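Chains as they are written, first to last, in our numbering: chain A, 93 to 206; chain B, -16 to 217. The beta carbon of each residue, even a glycine, is placed where N, CA and C say it ideally should be. Model, not experiment: these values are computed from the prediction.
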């Protein structure tokens, strides 16, 4: 489905993945997180209009919601969300001077969809 | 302008990391080699797009998603010259397990005793390492800890390199009842020529051990919420 080209002009801002680098220094967490310094978390943003649901890695549910929104605007639009996430490892230190390596699920957005 | 996350939001996320508040360590500890190796291997695999099971620690051969390297908070009991029987040092080892309170299964507890750097020039006499559960009030009382139940007795050709001891059962026992964690009693003997008394080589070995001995406890736990068993996986 990803190989199917999105029709041009049908949506100005289709749902897709955007780059977002989370720098732990910006959060003040560099004081206790040893590594990584940050990571590419990414995020999903964009529209999921009915005309595009076939192209945008959409769930059947998103298709139905977009269809209902087209019929009845009170029904919210389908939303652009992560459809595939991956974990990261973090090395940090607690107040007891213990060094900890921990793996956290669902930290990086790999794919987006409607 | 960049805003700071509200304390409330930060607290929520730190809870997700199993932290009550953001740690504020006075200084960074050196990252242990084993943790650095695992971290780097995972980063390299992620960069290469290789799918990984984050609930299995390939390098240690155990399941787990959280690895802690606890520093030894004990102290030397005897730093005098070696006795006639070659007894080099007695050390009380203590590991604060209070941080290990999250829901999880202990899958590994490995004590590492680093006897010093490996070197061809430092080959000393054979050393005997005796590890026991400590008895007595230990750090909490006035009297000094004594050796209790023997856990391991190992002879090594010289005081160099790391020695590993599986302490999973002991740590499980301590976790079941925190009052049981009275620490460990370590004794190291250097086996010199007993007929000529304490010789120079033994003294030299003991001095080196006193300076370079490091102990740490690697604890691996598996949180079933984050690591469902394979049968529960989709």
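Under 8 Å, Cβ to Cβ, is there at least one residue of chain B near residue 203 (chain A)? The residue labelled residue 203 (chain A) in the question sits at position 111 within the first chain. So no, residue 203 (chain A) is outside the interface.
Determine whether the beta carbon atoms of residue 103 (chain A) and residue 204 (chain A) lie at a separation below 8 Å. Walking along the first chain from the start, residue 103 (chain A) turns up at place 11. Walking along the first chain from the start, residue 204 (chain A) turns up at place 112. Contact: no.
Candidates B:199, B:189, B:49, B:116, of which the one nearest residue 233 (chain B) by Cα: With chain B covering only -16 through 217, there is no way to say anything about residue 233 (chain B).
Contacts of residue 22 (chain B) in chain A (Cβ-Cβ under 7 Å): By 1-based counting over the second chain, the position of residue 22 (chain B) is 39. Near residue 22 (chain B) (Cβ distances below 7 Å), the residues of chain A are 127, 181, 183, 193.
Residue from A:148, A:189, A:169, A:116 whose Cα sits closest to the Cα of residue 158 (chain A): Within the first chain, numbered from 1, the residue matching residue 158 (chain A) stands at position 66. Answer by Cα proximity: A:169.
State buried or exposed for residue 153 (chain A), treating a residue as buried only when at least 16 other CB atoms are found within 10 Å of its CB. Here residue 153 (chain A) corresponds to residue number 61 of the first chain, with the count starting at 1. Exposed.
Check the Cβ of residue 51 (chain B) against every Cβ in chain A and list those closer than 7 Å, keeping chain order. Reading the second chain from its first residue, position 68 is the one you call residue 51 (chain B). Per Cβ cutoff of 7 Å: 190, 192.
Between B:77, B:157, B:144, which has its C-alpha nearest residue 89 (chain B)'s C-alpha? Numbered from 1 along the second chain, position 106 holds the residue referred to as residue 89 (chain B). Comparing Cα-Cα distances from residue 89 (chain B) to each of B:77, B:157, B:144, the minimum goes to B:157.
The alpha helix (DSSP H) enclosing residue 43 (chain A), as first and last residue numbers: Absent from the model: residue 43 (chain A). The displayed extent of chain A is 93 to 206, so no value can be given.
When you compare the CB of residue 134 (chain A) with every CB in chain B, is at least one pair closer than 8 Å? Residue numbering aside, residue 134 (chain A) sits at position 42 when the first chain is read from its first letter. So, not an interface residue.
Quick check on residue 203 (chain A): does DSSP put it in helix, strand or coil? Counted from its first residue, the first chain places residue 203 (chain A) at position 111. It is a strand residue.
Under the three-state DSSP convention, the category residue 10 (chain B) falls into: Walking along the second chain from the start, residue 10 (chain B) turns up at place 27. Looking at residue 10 (chain B) - three-state DSSP - the assignment turns out to be coil, as it is neither helix nor strand.
Any beta-carbon of chain A closer than 8 Å to the one on residue 37 (chain B)? By one-based count along the second chain, residue 37 (chain B) stands at place 54. So yes, residue 37 (chain B) belongs to the interface.
Judging by CA-CA distance, which residue of A:155, A:132, A:151, A:175 is the nearest neighbour of residue 167 (chain A)? By one-based count along the first chain, residue 167 (chain A) stands at place 75. If we check each option's Cα against that of residue 167 (chain A), A:155 comes out closest.
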